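Visitor: I am attaching a structure below and will ask some questions about it afterwards.
Protein chains: 2
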Amino acid sequence: MKKVEGLHILGTLTLAVDYVHRDMDFYKKEISLIIAEAGLTEVGNYYHPFEGGGFTGVVALCESHVSIHTWPEEYFVTLDVFTCNYSRDNRAATHTVFNQISALFNPISIDKKEISR
Amino acid sequence: MKKVEGLHILGTLTLAVDYVHRDMDFYKKEISLIIAEAGLTEVGNYYHPFEGGGFTGVVALCESHVSIHTWPEEYFVTLDVFTCNYSRDNRAATHTVFNQISALFNPISIDKKEISR
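Written out as structure tokens, the structure is:
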């Protein structure tokens, strides 16, 4: 059987040097809201704070996952949004989630790759 | 400041039609062992089983993340291993973890992309 290819967006955000990185729980809450509002289904997550204010977050979705790693001391963030298109076409939602999470950081640039898989 | 690029391996494994997909907890335990033996540091994870035997797992590492999504009914698995090289060079460990997790599924083919980010 031919599988339906999913969409994986890999991003690296560069932050302004005066960007004020907020508390991990702020991002955690916002990311879950963005996912839900885009119509994707979060089934669980794990977040871990690092010294210096950065954090790692991985979010399991019915449709695959979101992952985020922040290095505020280096002014960058990596963000991945990967969804399968198994039960329906999630590509628009994937772009929406990527763009809205990115916007939380008001980045000065976004290096983005899109991979079908 | 110039960040040190990390390595992200994105894989899609094709399984043999007679591969017997095991219980999620088997893979969860093996994946944690593989990560630890490669010298990477798991800080937490979230796994979710689906009907049909497939599962989604996301593992937060000090060095970034591992994610896995299995569709046994479609005979494929997507596997990502992403590590930063922030405190030391983790590229060899990244390949080791990717190869050893892949081997759990005895795949008939592996479609693999390596991205520096």
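For the record, the sequence lines run as chains A and B.
Under our numbering, residue 120 is the last one in the first sequence; the count climbs by one each step, no gaps.
Under our numbering, residue 120 is the last one in the second sequence; the count climbs by one each step, no gaps.
All C-beta atoms, glycine included, are put in the ideal place defined by N, C-alpha and C.
Since this is a predicted model, take the numbers as computed values, not measurements.
Express the C-alpha separation of Asp28 of chain A and Gly47 of chain A in angstroms, rounding to a whole number.
Guide: Roughly 15 Å separates the two Cα atoms.
Visitor: Closer than 6 Å by C-beta to Glu66 of chain B: which residues in its own chain qualify, once you throw out the five before and the five after it? Chain order, please.
Guide: For Glu66 of chain B, where only same-chain residues beyond five positions count, the Cβ hits under 6 Å are Leu43, Thr86, Cys87 and Asn93.
Visitor: Alpha carbon to alpha carbon, how far is Arg25 of chain B from Lys5 of chain B? Give it in angstroms, no decimals.
Guide: Unreliable positioning characterises Lys5 of chain B in this predicted model, as indicated by a pLDDT of 47, which lies under 50. The coordinate reading is nonetheless provided below. Taking the straight line from one Cα to the other gives about 43 Å.
Visitor: In this structure, how does DSSP classify Thr44 of chain B when only helix, strand and coil are distinguished?
Guide: Note: Thr44 of chain B maps to coil in three-state DSSP.
Visitor: For the stretch 104-117 of chain A against the stretch 52-68 of chain B, are there 3 or more C-beta pairs whose distance is under 8 Å?
Guide: Contact fails: fewer than three Cβ-Cβ distances are below 8 Å.
Visitor: Among all the DSSP beta bridges, which residues are the ones paired with Thr73 of chain B?
Guide: DSSP output for Thr73 of chain B lists B:Val80 as bridge partner(s).
Visitor: Tell whether a beta-carbon distance below 8 Å holds between Leu58 of chain A and Tyr49 of chain A.
Guide: Per the sequence shown, the amino acid found at residue 58 of chain A is Phe instead of Leu. Their beta carbons are not under 8 Å apart, which means Phe58 of chain A does not touch Tyr49 of chain A by this criterion.
Visitor: Taking C-alpha atoms, which residue in B:Ile37, B:Val61 and B:Phe79 lies nearest to Thr99 of chain B?
Guide: Ranking B:Ile37, B:Val61 and B:Phe79 by Cα distance to Thr99 of chain B puts B:Ile37 first.
Visitor: Using C-beta distances below 6 Å, list every residue in its chain close to Phe101 of chain A, excluding the 5 sequence neighbours before and after it, in chain order.
Guide: So the list reads Ile12 and Val84, once near-sequence residues are dropped.
Visitor: Does Pro72 of chain B come within less than 8 Å of chain A when only Cβ atoms are used?
Guide: Reading off the sequence, residue 72 of chain B comes out as His, not Pro. Interface residue, yes.
Visitor: Given a cut-off of 8 Å, decide if Glu76 of chain B and Gly55 of chain B are closer than it, judged by their beta-carbon atoms.
Guide: Yes.
Visitor: What residues in the stretch 18-52 of chain B have a beta carbon less than 7 Å from any beta carbon of chain A?
Guide: Answer set for the stretch 18-52 of chain B: Val46, Gly47, Asn48, Tyr49 and His51.
Visitor: Does the CB of Val62 of chain B have a neighbour CB from chain A at under 8 Å?
Guide: Interface residue, yes.
Visitor: Thinking C-alpha only, which one of A:Val62, A:Arg120 and A:Asp21 is nearest Tyr89 of chain A?
Guide: Minimum Cα distance to Tyr89 of chain A is reached at A:Arg120.
Visitor: Ignore the nearest five residues each way along the sequence and tell me which others in Thr73 of chain B's own chain have a CB closer than 6 Å to its CB.
Guide: Answer for Thr73 of chain B: Gly57, Phe58 and Val80, listed in chain order.
Visitor: For Arg91 of chain A, I'd like the list of residues in its chain whose CB is within less than 6 Å of its CB, leaving aside the five on either flank, ordered along the chain.
Guide: Hits under 6 Å: none found.
Visitor: Does Val23 of chain A pass the burial test, meaning 16 or more other C-beta atoms within 10 Å, or should it be called exposed?
Guide: Counting Cβ neighbours within 10 Å, Val23 of chain A comes out exposed, since fewer than 16 surround it.
Visitor: Quick check on Glu45 of chain A: buried or exposed, where buried means 16 or more other Cβ atoms within 10 Å of its Cβ?
Guide: Glu45 of chain A comes out buried.
Visitor: DSSP three-state label for Ile118 of chain A, please.
Guide: DSSP places Ile118 of chain A in strand when its eight states are reduced to three.
Visitor: Ile104 of chain A CB to nearest chain B CB: under 8 Å?
Guide: Cβ-Cβ to chain B under 8 Å: no for Ile104 of chain A.
Visitor: Taking the straight line between their C-alpha atoms, what separation do you get for Val20 of chain B and Val20 of chain A?
Guide: One C-alpha to the other measures close to 52 Å.
Visitor: Go to Phe53 of chain A, then tell me how far its alpha helix (DSSP H) extends in each direction, as first and last residue.
Guide: Run containing Phe53 of chain A: none; DSSP gives neither H nor E here.
Visitor: Kindly list the residues whose CB is nearer than 7 Å to the CB of Ala41 of chain A, restricted to its own chain and excluding five residues on each side of it in sequence; keep chain order.
Guide: Hits under 7 Å: Ala96, Thr99 and Val100.
Visitor: What is the rounded straight-line gap between the Cα of Gln103 of chain B and the Cα of Ser70 of chain B?
Guide: For Gln103 of chain B and Ser70 of chain B, the distance between alpha carbons rounds to 14 Å.
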